[in-house]
Amino acid sequence: MMFPFFDWTMILILPAFALALWAQFKVKGTYRKFSDVRSRLNMTGEQVARRILDQNGLHDVAVEPIEGELTDHYHPGDRKVRLSEGIFGSTSLSALAVAAHEVGHAIQHKVGYAPMSWRASLVPVANIGSMAAMPLFFIGLFVPTISWLMDLGIIFFGAAVLFHLVTLPVEFDASSRAVSILGNGSFLAPDEVDGAKKVLNAAAWTYVAAATMSLLQMLRLIILRNSRE
Ligand SMILES: [Zn+2]
0 MMFPFFDWTM ILILPAFALA LWAQFKVKGT YRKFSDVRSR LNMTGEQVAR
50 RILDQNGLHD VAVEPIEGEL TDHYHPGDRK VRLSEGIFGS TSLSALAVAA
100 HEVGHAIQHK VGYAPMSWRA SLVPVANIGS MAAMPLFFIG LFVPTISWLM
150 DLGIIFFGAA VLFHLVTLPV EFDASSRAVS ILGNGSFLAP DEVDGAKKVL
200 NAAAWTYVAA ATMSLLQMLR LIILRNSRE
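If you're matching positions, the sequence shown starts at 0 in numbering that gives the first Met the number 0 and goes up one per residue.
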């Protein structure tokens, strides 16, 4: 028996690992490239977020700054759009793309977009699942009398996989809302919309990579489990 983290099934994870690295590289590169391109609109991320929120009747959703890079998010509990330093006060295409995307989440919340509420209810399950899955699985793998722990580990891991899968429509939908709002005539010119779209597409790849990684991890656990029987 080899050390469990370095058995042959690790090979399964490698393509997903490569995809995740590539996606990180791509999102940072695209984000930085379009951070240097100022929009002709000359409004900041904050101002654009505020205007789109108001246009959608979301006057009570606040826009506030948050530290870090790419830490931007919409918090449904606090009903706040939080924009990172490089987005909040910037007039770049990256800033407007990210700001509109986060407001896209606030609009999803308002219209009761179903995958968003599925995702929210999966958060606690997925957190517990991703913490407990591996310890349970490997205890079951090494102690034959309680090998059923492997199955329990796989079920727990399944909750995390489900979370990553449900995240995909939520993120894609927020980006497509952002692109159609930015391109509706009152914000960006068509050539600028292309730039914004590139930033959001690059970001979408990081979610695809995370979902692929979790699916292949799960496959790996199932193969390891079956090789024990
Ligand atoms: Zn998002």
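No residue lacks a Cβ here, since even glycine has one placed at the ideal position from N, Cα and C. Since this is a predicted model, take the numbers as computed values, not measurements.
### Task
Only counting runs of 3 or more residues, tell me where the beta strand (DSSP E) segments fall wholly within the segment 78 to 115, in order along the chain.
Those beta strand (DSSP E) runs which fall completely within the segment 78 to 115 and span 3+ residues are 79 to 83.
### Query
Which class does His-74 belong to by DSSP, given the choice of helix, strand or coil?
As a first step, residue 74 is located in the sequence shown; it is residue number 75 there, counting from the start. Strand at His-74.
#### Entry: Stretch-stretch touch, CB-based, cutoff 8 Å, three pairs: the segment 43 to 57 with the segment 201 to 218
Contact between the segment 43 to 57 and the segment 201 to 218 is absent, because fewer than three Cβ pairs lie under 8 Å.
### Message
Alpha carbons only, please: which of Phe-186, Leu-215 and Asn-225 is nearest the one belonging to Arg-37?
### Response
Within the sequence shown, the letter at position 38 stands for residue 37. Minimum Cα distance to Arg-37 is reached at Phe-186.
### Query
Under 9 Å between the Cβ atoms of Phe-162 and Met-133?
Position 163 of the sequence shown holds residue 162. Position 134 of the sequence shown holds residue 133. A distance of 9 Å or more separates the beta carbons of Phe-162 and Met-133.
### Task
Have a look at Leu-220 and Ser-93 and give me their C-alpha separation to the nearest angstrom.
Indexing the sequence shown from 1 puts residue 220 at position 221. Indexing the sequence shown from 1 puts residue 93 at position 94. For Leu-220 and Ser-93, the distance between alpha carbons rounds to 39 Å.
### Message
Let me make sure I understand the geometry here. Which of Leu-140, Gly-139, Gly-128 and Thr-166 has the alpha-carbon closest to that of Ile-154?
### Response
The residue given as residue 154 occupies position 155 in the sequence shown. Of the candidates Leu-140, Gly-139, Gly-128 and Thr-166, the one whose C-alpha sits nearest the C-alpha of Ile-154 is Gly-128.
### Message
Helix, strand or coil for Glu-170? Go by DSSP, reduced to three states.
### Response
Along the sequence shown, one-based indexing puts residue 170 at 171. Three-state result, Glu-170: helix.
### Member of Ala-125, Gly-76, Arg-39 and Glu-101 whose CA lies at the smallest distance from the CA of Ser-83
Position 84 of the sequence shown holds residue 83. Checking every option, the nearest Cα to that of Ser-83 belongs to Glu-101.
#### Entry: Separation of Pro-168 from Phe-2, as counted between CA atoms
On the sequence shown, position 3 is the one that residue 2 refers to. On the sequence shown, position 169 is the one that residue 168 refers to. Only weak support exists for where Phe-2 lies, its pLDDT of 49 falling under 50; the coordinates are left without a value.
### Query
Count the other CB atoms within 10 Å of the CB of Leu-215; is the residue buried (16 or more) or exposed (fewer)?
Translated into the one-based positions of the sequence shown, residue 215 becomes position 216. Classification for Leu-215: buried.
### Query
Just to check, is the beta-carbon of Val-165 closer than 8 Å to a non-hydrogen atom of ligand 1?
Within the sequence shown, the letter at position 166 stands for residue 165. Checking every heavy atom of ligand 1 against the Cβ of Val-165, none is found closer than 8 Å.
#### Entry: Cβ neighbour criterion (16 or more within 10 Å) applied to Phe-87
Against the sequence shown, residue 87 aligns to sequence position 88. So Phe-87 counts as buried.
### Message
On a Cα-Cα basis, can you pick out the residue from Arg-224, Leu-181, Pro-14 and Ala-119 that is closest to Gly-103?
### Response
Here residue 103 refers to the residue found at position 104 of the sequence shown. Of all alpha-carbon atoms in Arg-224, Leu-181, Pro-14 and Ala-119, the one lying nearest the alpha-carbon of Gly-103 is that of Leu-181.
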